[in-house]
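Protein chains in written order, with the working numbering: chain A, 1 to 299; chain B, 1001 to 1312. Have a look at the structure below before the remarks.
Listed below in structure tokens is the structure:
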């Protein structure tokens, strides 16, 4: 990553980006990542985890649920089990690698769901204003005023926990935040000339919202989606830790901590390694968000 | 001011109604659910039907809901199956425990994050700013249960300085005060990271305002500019965020309470949800929402008090 060059280009003529051809623009953006150390580090961490998750079937030394009973006597890290095994003799390294897969699917999917639903609500509320806007805003306020973790407990304990249910509750509870952001921007953007021009052309309201307004609101939205993904990773871990996350026995980082936390005094490594895994992934997403925000400010 | 209160009070009532109705419907929509829970899995369908009729649970949902509201308004929140006590007593006891935890944590979070946030934001881009920004981002990224595991490994397993559980019963040679150290530490670390970054962002914005430049050009000392001119204005936006933390501290500390076996409100709700203790879930949800909305209102009030330009 050519940090000094990219930084120079950025600070010298930031508005020039807008006039470049699409390909060149994307290349410039990619280079710009080097200009923000947090963005580069965050992106690297996230990419490493994605690669590990994709390759898990190939590189994990053991099957995630296979237990090695001979290892039970000495579950600490050894040559056969690099990170040791858990209380059932299952290889921790393999379980951590496999455990990255559900997290990296559920968290982004839930963010996409929330972004889609939230943008739609926010656009509608901001574009129409009046009573539709008021109703949507109030409804969002009500969801936001609820302590979400309690909502998750009630809903997931009631309907049972599965990947789809988790995606569902995450989508529903995160959409109002996105709706609020999008509504704020729509209120501003709908007064612009290009919206007036589109209205004159006789475009439908839906077209104006999706094609004229939404693309211009994407900047803050992307930063926020990145942050949300990190939060979602935390929540998936927390749900697992509380015993209302992804059902066992397939590896889930939070669930792994829950199962082995009681043995902290004897074998702390069983809980420590999954904790390190989840923390590093969230740090990656949040650094990426911090970096993206910095880059956005400089643009 | 009267309009401010009327508006917020109406929203509070609306929220309570909506939430209580949703939770009530979720739990009691199927008529036999409550009786089945009370009698257990081995009761015959006949027994369940009988009890359902006896308790009047076969009436329409709306009728039962209105009944429930009437009872709740007169202070009768039902009986907790899980704790074998009236719901009100269970909630009061657990809420008091959580309030202790939350109050200590809050008393640490506010000054700590103010100092760090102002120090970071007063010179944007300085080495101190970068260090605080990265550190707070990293700390706020670690899930609470992971923070708990890390701290327990260091201070309990390795150094033997502190107890690993906080059951609030003095025993095993650990005082109640020493039991509180780790739970409070986890909450403060997790939460302060977020508040610091909010205060920092606000401070950065304020430092670019013309009145700060004026103050500097007048020849005031940097210290005076920060303390007298910047901080008060920089605290305006984050005050809402800080007040929202109270909400998080009361209801969201379920993870910390679970990690340290702390008998608080969050863990009570988790137990109620897992045990399907319907009366307790319903009342607990109401209490949680009530607290959330009132802290929201308090946040708005604090905003008004701090900012003389806003008068309602």
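All C-beta atoms, glycine included, are put in the ideal place defined by N, C-alpha and C.
Not one beta carbon of chain B lies nearer than 7 Å to the beta carbon of residue 121 (chain A). Counting C-beta pairs closer than 8 Å gives three or more between the stretch 1244–1260 of chain B and the stretch 1288–1299 of chain B, which meets the contact rule. The beta-carbon separation of residue 156 (chain A) and residue 239 (chain A), rounded to 7 Å, stays under the 8 Å limit for a contact. Where residue 1083 (chain B) is concerned, there is no enclosing alpha helix (DSSP H), because DSSP gives it neither an H nor an E. Residue 253 (chain A) is classed as buried because its beta carbon has at least 16 other beta carbons within 10 Å across all chains shown. One Cα belongs to residue 1045 (chain B), the other to residue 219 (chain A), and the distance between them is close to 58 Å.
From the beta-carbon of residue 226 (chain A), no residue of chain B is found nearer than 8 Å; the closest lies around 12 Å away. In this structure, residue 1203 (chain B) lies near residue 1234 (chain B), with their beta-carbon atoms less than 7 Å apart. Neighbours of residue 128 (chain A) in chain B, taken as residues whose beta carbon is under 8 Å from its own, are absent, since the nearest beta carbon is some 21 Å off.
Chain A has no Cβ within less than 7 Å of the Cβ of residue 1093 (chain B). The C-beta separation of residue 1090 (chain B) from residue 1074 (chain B) comes to about 18 Å, leaving the pair out of contact by the 8 Å criterion.
Excluding the 5 residues flanking it on each side, residue 280 (chain A) has same chain C-beta neighbours closer than 8 Å at 45 and 49, in chain order. Taking CB atoms only, residue 275 (chain A) has a neighbour in chain B less than 7 Å away. DSSP, read as helix, strand or coil, puts residue 253 (chain A) in helix.
For residue 1192 (chain B), none of the residues of chain A pass the 8 Å Cβ criterion, the least Cβ distance being about 15 Å. Going by DSSP, residue 268 (chain A) is part of no alpha helix (DSSP H) at all; its letter is neither H nor E. For residue 1217 (chain B) and residue 178 (chain A), the gap between their C-alpha atoms comes out near 41 Å.
The way I'd put it, the stretch 76–91 of chain A doesn't touch the stretch 136–146 of chain A; fewer than three beta-carbon pairs between them come closer than 8 Å. Secondary structure at residue 1165 (chain B): coil, using DSSP grouped into helix, strand and coil. Put simply, the CB of residue 1283 (chain B) is far from chain A, with every gap to its CB atoms at 7 Å or more. Below 8 Å, enough C-beta pairs join the stretch 1136–1143 of chain B and the stretch 270–284 of chain A to call them touching: three or more. Excluding the 5 residues flanking it on each side, residue 52 (chain A) has same chain C-beta neighbours closer than 8 Å at 59, 97 and 100, in chain order.
Within the same chain, 83, 92 and 96 come within 7 Å of residue 273 (chain A) by CB-CB distance, once the 5 residues on both sides are set aside. 282, 283, 286, 287 and 290: these are the residues of the stretch 280–299 of chain A whose beta carbon lies less than 7 Å from some beta carbon of chain B, given in chain order. Taking 7 Å as the threshold, the shortest C-beta distance from residue 77 (chain A) to chain B does not fall below it. Interface flag for residue 257 (chain A) against chain B is set, since a Cβ pair is found closer than 7 Å. Interface residue (Cβ-Cβ distance to chain A less than 7 Å): residue 1163 (chain B) is not classified as such. Note that the C-beta distance between residue 128 (chain A) and residue 190 (chain A) is not below 7 Å. Residue 1175 (chain B) has its alpha-carbon roughly 17 Å from the corresponding atom of residue 1152 (chain B). Spatial neighbours of residue 1267 (chain B) in its own chain (CB-CB distance under 7 Å, excluding positions within 5 residues in sequence) are listed in chain order as 1254, 1257 and 1258. Among the bridge pairs identified by DSSP, residue 67 (chain A) is matched with A:90.
Counting only residues of its own chain and dropping the five nearest sequence neighbours on each side, residue 1020 (chain B) has a CB closer than 6 Å to the CB of 1286. Put simply, the backbone Cα of residue 1179 (chain B) is about 15 Å away from that of residue 1099 (chain B). Within the stretch 1260–1274 of chain B, the residues whose Cβ lies closer than 7 Å to any Cβ of chain A are, in chain order, 1269, 1270, 1273 and 1274. Taking a 10 Å sphere around the C-beta of residue 296 (chain A), we find fewer than 16 other C-beta atoms and assign the residue as exposed. Around the C-beta of residue 1150 (chain B), 16 or more other C-beta atoms lie within 10 Å, and the residue is accordingly described as buried.
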